[in-house]
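**Student:** Residue numbers (the numbering used here), protein chains in the order written: chain A, 1389 to 1706; chain B, 1389 to 1706.
2 protein chains.
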Amino acid sequence: MKIAVDVMGGDHAPHEIILGAIKKAKQTDSELILVGDESTIQKELERYVVRLNNISIVHSNEVVEMQESATVALRKKKDSSIVVANQLVKEGKADAVVSCGNTGAQMAAAIFILGRLKDIDRPPIIASVPTINGEDSFLIDVGANVDCKPKQLLQFALLGQVYSSLIKGKSDPTIALLNNGEEEGKGNNQLIETYELFKKQKDLNFIGNIEGRNIFNGKSNVIVCDGFIGNVLLKTIEEMAIMMTDLFKQENNKLPEFLERLDYTKVGGAPLLGIDGISIVGHGSSKREAVFNAIGIAEDCIKKEVVKIQNLALDNSI
Amino acid sequence: MKIAVDVMGGDHAPHEIILGAIKKAKQTDSELILVGDESTIQKELERYVVRLNNISIVHSNEVVEMQESATVALRKKKDSSIVVANQLVKEGKADAVVSCGNTGAQMAAAIFILGRLKDIDRPPIIASVPTINGEDSFLIDVGANVDCKPKQLLQFALLGQVYSSLIKGKSDPTIALLNNGEEEGKGNNQLIETYELFKKQKDLNFIGNIEGRNIFNGKSNVIVCDGFIGNVLLKTIEEMAIMMTDLFKQENNKLPEFLERLDYTKVGGAPLLGIDGISIVGHGSSKREAVFNAIGIAEDCIKKEVVKIQNLALDNSI
Chain A
1389 MKIAVDVMGG DHAPHEIILG AIKKAKQTDS ELILVGDEST IQKELERYVV
1439 RLNNISIVHS NEVVEMQESA TVALRKKKDS SIVVANQLVK EGKADAVVSC
1489 GNTGAQMAAA IFILGRLKDI DRPPIIASVP TINGEDSFLI DVGANVDCKP
1539 KQLLQFALLG QVYSSLIKGK SDPTIALLNN GEEEGKGNNQ LIETYELFKK
1589 QKDLNFIGNI EGRNIFNGKS NVIVCDGFIG NVLLKTIEEM AIMMTDLFKQ
1639 ENNKLPEFLE RLDYTKVGGA PLLGIDGISI VGHGSSKREA VFNAIGIAED
1689 CIKKEVVKIQ NLALDNSI
Chain B
1389 MKIAVDVMGG DHAPHEIILG AIKKAKQTDS ELILVGDEST IQKELERYVV
1439 RLNNISIVHS NEVVEMQESA TVALRKKKDS SIVVANQLVK EGKADAVVSC
1489 GNTGAQMAAA IFILGRLKDI DRPPIIASVP TINGEDSFLI DVGANVDCKP
1539 KQLLQFALLG QVYSSLIKGK SDPTIALLNN GEEEGKGNNQ LIETYELFKK
1589 QKDLNFIGNI EGRNIFNGKS NVIVCDGFIG NVLLKTIEEM AIMMTDLFKQ
1639 ENNKLPEFLE RLDYTKVGGA PLLGIDGISI VGHGSSKREA VFNAIGIAED
1689 CIKKEVVKIQ NLALDNSI
């Protein structure tokens, strides 16, 4: 497996990204292609006296900054690390791309370079959410698309269903809509319309609405929401987890397993679905451990043929 | 001070509501008017051998159920406890109403019985959110209005500003929009338009967008969002707090103060703003302690003349 790592993207790039990749390279047979400024990468590799057969470098001149407008950046910075890394996937020189940089740019690169899968309007990001007494659920979309039409939410549901059953090895995962009440008819106009659409979809194991209080109890395997609320919610959850972890540590306590699982550095990254390639979105604040784990997610997705399986499912359902 | 308590509303009504009111009556000079089925209330008072001068009963025949449609219920159940309790306020027989029942019905009763303040389209619910190192912030709206226009969000901001400065005794509290990024131009269409509107409002100490990760660090005194996201977010936060409290207790640890402050039973209730009366929305799951504290919030709002101050502020600003 070959994985292109955008070492220039992220709050702690390139240093922490490179260190995460080095750590991973020592433990995997996959080939890691570090994309970014060659001399910087070279220096880091020398500094840590790293000569690994499974690390190579592809040079790129430019960087898309974290807060830059994605569409402008993609148009202007043709030689940015995120563009070059995605091109490696497009050209078959890599099997997946991992980036902790500008999410909008990563999404735009996925759309314009890798391309969308059949009948998918907008690629969503799917994140795992630990549950208190069992396996993770998935929240989709957690940040890629802030204004979503009901039919796009349906696409997210179908992609989430495929991904969840593929990763968890369980057929027919349950799908719910995140809402402000459980009863049918609850929610804003967008949600009420979406509920109707989900109900009509025969091959969707739709169990109705769930509230914020039920995110962590495994009530649904897949929880669908638009990327605006998904983003606000995930960031709030992450921050609460960080605060709670600090509070536990202040008391010198062993960290509960649930809090460990809420730690985004342990999760590493979240896949972009609905695109013709594997693209893993790492947290902007990622340090080496998160990068290490994000590359692991990329390996999982390659092994499990995420793109092929999505294609098969879309052929059958939309 | 006279406070009408809807003892029939809530998951644990009437038993726990009555017990909360009894506990409060023992500690306050306020008169508590218990609104609901007289014989039920009478029996509970006798069961606990309560003869308090400051508890009285106003009988009502009907109950609006938790999941009932608010508008239908209000039209059909003219003698429901929530309607009767609001009428007591309207007629000057009570200074505030407290209910842990159907939020939609409470809001509809506030609109149709108490009436809205000048230029307010929809009354929002304001909830306090503890911060890790200081005084609480406020989140508005947390559940009353799922589809909000930018001008309604501006009304929420103005009401939140008034309430925050009144409760915290601090002039010119900061106001932020909850968004998926901090930069101007972030967010869905609704938020982008709202940002422009907030910027133009001269008497608003608008500090821009904040993300989910900044809810708990006091970055803004007031955080404005629509009631859909506010509801989902608040329920998620509450549930996480409950889980974390359990985890701390399993380890036999002293609960961190921050978690204590996240406990909704300690907070008690959240005021409906923008209406011509004081109406406190208690949590549907409230037991006696939450009811006790919700009545305390009503007392605060009466003492601080929340309605008069809102009116003054609205005269000057909208």
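Note that the Cβ used here is the ideal one computed from N, Cα and C, for glycine as well.
State buried or exposed for Glu1645 of chain B, treating a residue as buried only when at least 16 other CB atoms are found within 10 Å of its CB.
**Tutor:** As a working mapping, residue 1645 of chain B is identified with position 257 in the second sequence. Looking at its Cβ environment, which holds fewer than 16 other Cβ atoms inside 10 Å, Glu1645 of chain B is exposed.
**Student:** Relative to the C-alpha of Glu1677 of chain B, which candidate in B:Thr1653, B:Met1632, B:Ala1493 has its C-alpha closest?
**Tutor:** On the second sequence, residue 1677 of chain B is found 289 positions in, with the first residue counted as 1. Ranking B:Thr1653, B:Met1632, B:Ala1493 by Cα distance to Glu1677 of chain B puts B:Thr1653 first.
**Student:** Please confirm whether Asp1703 of chain B has its beta-carbon closer than 8 Å to some beta-carbon of chain A.
**Tutor:** As a position in the second sequence, residue 1703 of chain B is number 315, starting the count at 1. It does not: the Cβ of Asp1703 of chain B has no partner Cβ on chain A nearer than 8 Å.
**Student:** Which residues of the segment 1487-1504 of chain A have a Cβ closer than 7 Å to any Cβ of chain B? Give them in chain order.
**Tutor:** Listed by position, the residues of the segment 1487-1504 of chain A near chain B (Cβ gap below 7 Å) amount to none.
**Student:** List the residues of chain B that Asn1568 of chain A touches, going by C-beta distances under 7 Å, in chain order.
**Tutor:** By one-based count along the first sequence, residue 1568 of chain A stands at place 180. Going along chain B in sequence order, the residues near Asn1568 of chain A (Cβ under 7 Å) are Gly1531, Val1534, Phe1616, Asn1619, Val1620.
**Student:** Shorter than 8 Å from the beta carbon of Asn1597 of chain B to some beta carbon of chain A?
**Tutor:** As a position in the second sequence, residue 1597 of chain B is number 209, starting the count at 1. Judged by the 8 Å Cβ criterion, Asn1597 of chain B is not in contact with chain A.
**Student:** Using a Cβ-Cβ cut-off of 8 Å, state whether Arg1601 of chain B counts as contacting chain A.
**Tutor:** As a first step, residue 1601 of chain B must be located in the second sequence, where it is residue number 213. Arg1601 of chain B counts as touching chain A.
**Student:** Go through the segment 1603-1654 of chain B residue by residue and report every complete run of the alpha helix (DSSP H) that reaches 4 residues or more, in order.
**Tutor:** Entirely contained in the segment 1603-1654 of chain B, the alpha helix (DSSP H) runs reaching 4 residues are, in chain order, 1615-1638, 1645-1650.
**Student:** Within 10 angstroms of the Cβ of Tyr1436 of chain B, are there 16 or more other Cβ atoms? Answer buried if so, exposed if not.
**Tutor:** Along the second sequence, one-based indexing puts residue 1436 of chain B at 48. Tyr1436 of chain B comes out exposed.
**Student:** Assess, as a yes-or-no matter, whether the segment 1464-1474 of chain B is touched by the segment 1607-1621 of chain B under the definition of 3 or more beta carbon pairs within less than 8 Å.
**Tutor:** At 8 Å Cβ cutoff, the stretches do not touch.
**Student:** What are the boundary residues of the alpha helix (DSSP H) that includes Asn1577 of chain B?
**Tutor:** Along the second sequence, one-based indexing puts residue 1577 of chain B at 189. Taken as a continuous stretch (DSSP letters only), the alpha helix (DSSP H) holding Asn1577 of chain B covers 1577-1588.
**Student:** Quick check for students: name the residue ranges of the alpha helix (DSSP H) that lie wholly in the segment 1413-1440 of chain A, counting only runs of 4 or more.
**Tutor:** Fully enclosed alpha helix (DSSP H) runs of 4 or longer: 1426-1435.
**Student:** When you compare the CB of Gly1656 of chain B with every CB in chain A, is at least one pair closer than 8 Å?
**Tutor:** Walking along the second sequence from the start, residue 1656 of chain B turns up at place 268. Taking Cβ atoms only, chain A never reaches closer than 8 Å to Gly1656 of chain B, which makes this a no.
**Student:** Straight-line CA distance for Ala1461 of chain A to Gly1398 of chain A?
**Tutor:** Position 73 of the first sequence, counted from the start, is the residue given in the question as residue 1461 of chain A. Position 10 of the first sequence, counted from the start, is the residue given in the question as residue 1398 of chain A. Looking at the two C-alpha atoms, the distance is approximately 15 Å.
**Student:** By Cβ distance, which residues of its chain are closer than 8 Å to Lys1692 of chain A, with the 5 residues on each side in sequence left out?
**Tutor:** The residue labelled residue 1692 of chain A in the question sits at position 304 within the first sequence. Same-chain partners within the cutoff: Leu1554, Ile1555.
**Student:** If you measure beta-carbon to beta-carbon, which residues of the segment 1454-1473 of chain A are closer than 9 Å to chain B?
**Tutor:** Within the segment 1454-1473 of chain A, the residues whose Cβ lies closer than 9 Å to some Cβ of chain B are Gln1455, Ser1457, listed in chain order.
**Student:** Is the segment 1565-1576 of chain A touching the segment 1589-1603 of chain A in the sense that three or more CB pairs, one from each, lie closer than 8 Å?
**Tutor:** Short answer: they touch.
**Student:** Could you give the distance in angstroms between the alpha-carbon of Glu1456 of chain B and the alpha-carbon of Gly1569 of chain A?
**Tutor:** Position 68 of the second sequence, counted from the first residue, corresponds to residue 1456 of chain B. Position 181 of the first sequence, counted from the first residue, corresponds to residue 1569 of chain A. Roughly 12 Å between the two C-alpha positions.
**Student:** Identify the residues that DSSP records as bridge partners of Val1486 of chain B: which are they?
**Tutor:** Here residue 1486 of chain B refers to the residue found at position 98 of the second sequence. DSSP lists B:Val1393, B:Ile1668 as partners of Val1486 of chain B.
**Student:** Ignoring anything shorter than 3 residues or poking outside the segment 1519-1554 of chain B, list the beta strand (DSSP E) runs there in chain order.
**Tutor:** With a minimum length of 3 residues, the continuous beta strand (DSSP E) runs that stay inside the segment 1519-1554 of chain B are 1522-1528.
**Student:** Do the segment 1673-1689 of chain A and the segment 1399-1409 of chain A meet, that is, are 3 or more Cβ pairs less than 8 Å apart?
**Tutor:** Flag = yes, the segment 1673-1689 of chain A and the segment 1399-1409 of chain A touch.
**Student:** Taking 8 Å as the cut-off, decide whether the C-beta atoms of Ala1658 of chain B and Ile1513 of chain B are in contact.
**Tutor:** Stepping through the second sequence from its first residue, residue 1658 of chain B is reached at position 270. Stepping through the second sequence from its first residue, residue 1513 of chain B is reached at position 125. Yes.
**Student:** Mind checking which residues open and close the beta strand (DSSP E) that includes Phe1500 of chain A?
**Tutor:** Sequence index remark: in the first sequence, residue 1500 of chain A carries index 112 (1-based). No beta strand (DSSP E) holds Phe1500 of chain A; DSSP gives it neither H nor E.
**Student:** Could you check which residue in A:Gly1670, A:Ile1666, A:Asp1688 has the C-alpha nearest to that of Asn1699 of chain A?
**Tutor:** For the purposes of this step, residue 1699 of chain A is identified with residue 311 of the first sequence, where counting begins at 1. Considering only alpha carbons, the answer is A:Ile1666.
**Student:** So is Gly1522 of chain A in contact with chain B if we call contact Cβ pairs under 8 Å?
**Tutor:** Here residue 1522 of chain A refers to the residue found at position 134 when the first sequence is read from its first residue. Taking Cβ atoms only, chain B never reaches closer than 8 Å to Gly1522 of chain A, which makes this a no.
**Student:** Could you check the C-alpha separation between Asn1605 of chain A and Asn1521 of chain A for me, to the nearest Å?
**Tutor:** Mapped onto the first sequence, residue 1605 of chain A falls at position 217. Mapped onto the first sequence, residue 1521 of chain A falls at position 133. Their backbone Cα atoms lie some 7 Å apart in a straight line.
**Student:** Here's a check: name, in chain order, each residue in its chain whose Cβ is nearer than 8 Å to the Cβ of Lys1465 of chain A, leaving out the five neighbours to either side.
**Tutor:** Translated into the one-based positions of the first sequence, residue 1465 of chain A becomes position 77. Glu1450, Val1451, Val1452, Val1471.
**Student:** Going by Cα to Cα distance, which pick from B:Met1454, B:Phe1526, B:Ala1498 is closest to Gly1662 of chain B?
**Tutor:** Position 274 of the second sequence, counted from the first residue, corresponds to residue 1662 of chain B. Checked all of B:Met1454, B:Phe1526, B:Ala1498; the closest Cα to Gly1662 of chain B is B:Ala1498.
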